[in-house]
Structures are given as structure tokens and as C-alpha cells.
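With our numbering applied, the sequence shown has no gaps in its numbers, which climb one by one up to 575 at the end.
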Amino acid sequence: MTRFIIPALPCARTTAGKIDRTKPLRPKLVGYYTKGARPNWTRMNEYHAWKDHVREHAPAGLPQPAQGQPVRVDIWCWFADGTHNDPENVRKGIVDALYPKGDKFVFGYHHFPQYDPQNPRVEVEVNL
């Protein structure tokens, strides 16, 4: 078992889908994003930054999933406040960051949202 913490990513606030530079950054646990028919480039860039942030905080040597050797990834989210992403989507983004070659043999769950305004974060547990 491997446990590690991913601190919240400082993100720009947006107004009507555009970055609002007049407002301070806010700590955010970023959820999964997929480009739809009308992409939100600001949101997509934030998601790519989140995946880089996850990889920076993940320890080396995590087990790699394979057929017959699935990997379990469980997460606990501590959000800054009640306005936040779905924890299931936060988990999906973390799995995408940890296993960019595919997550076909990755399973696990997310726990109910918790709140810590002073230290928003995700605790991750990876098991074979």
C-alpha cells in the first residue's frame, strides 16, 4: 500500500468561462474534463495543470495495472468549502494522471466529501 497527499492547486477564478485576473487564486481539487462539442479551453488547461500537479506529488514506483493484476486507487477529498467538483471526477482525474497509458485495470472509490478550509487536499491510497 502507498499513501500520499496532493495539495489543492491554486486556480484562477473565472467569469463566464474566462479567467478573471481581478480576483485572487483559489485552492481547488480539479475534476475530470473531456472536450465536448464546444470546448472550454480555460477548464481544459486547468485540468492538464492538475494532472501535472498530481504527478509532481505522486511517489515513484507506483504499481502498474495489468490484466490479472488490477490496481486499486481510493481517494479522500478535503475541499475548501461547499462549492467543489464531484469527488468521483476528482478521482478520475487522478487516475488519468497516474496511469496515462490506460486505466482499464484500475478500480477503487472515492469517499464522501469532507471540508478543511485551511488545508484542502486529496489523500490517495494505491494498492495492488
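Backbone N, C-alpha and C fix where the C-beta goes; we use that ideal spot for every residue, glycine too.
Tell me which same chain residues have a C-beta within less than 7 Å of the C-beta of residue i, skipping the five on either side of it?
i: Lys482; result: Met491
i: Pro560; result: Cys524, Phe526, His531 and Pro534
What do you get for residue i, buried or exposed, if any count of 16 or more other CB atoms within 10 angstroms of its CB means buried?
i: Gly515; result: exposed
i: Ala544; result: buried
i: His558; result: exposed
i: Trp488; result: exposed
i: Ile452; result: exposed
How about residue i and residue j: are their beta carbons less than 8 Å apart?
i: Leu472; j: Ala455; result: no
i: Glu503; j: Cys458; result: no
i: Gly540; j: Lys498; result: yes
i: Pro517; j: Phe552; result: yes
Taking the continuous beta strand (DSSP E) assigned at residue i, which residues delimit it?
i: Pro454; result: Thr449 to Pro454
Q) Quick one: complete alpha helix (DSSP H) runs, 4+ long, within the region 458 to 532? A) 488 to 504
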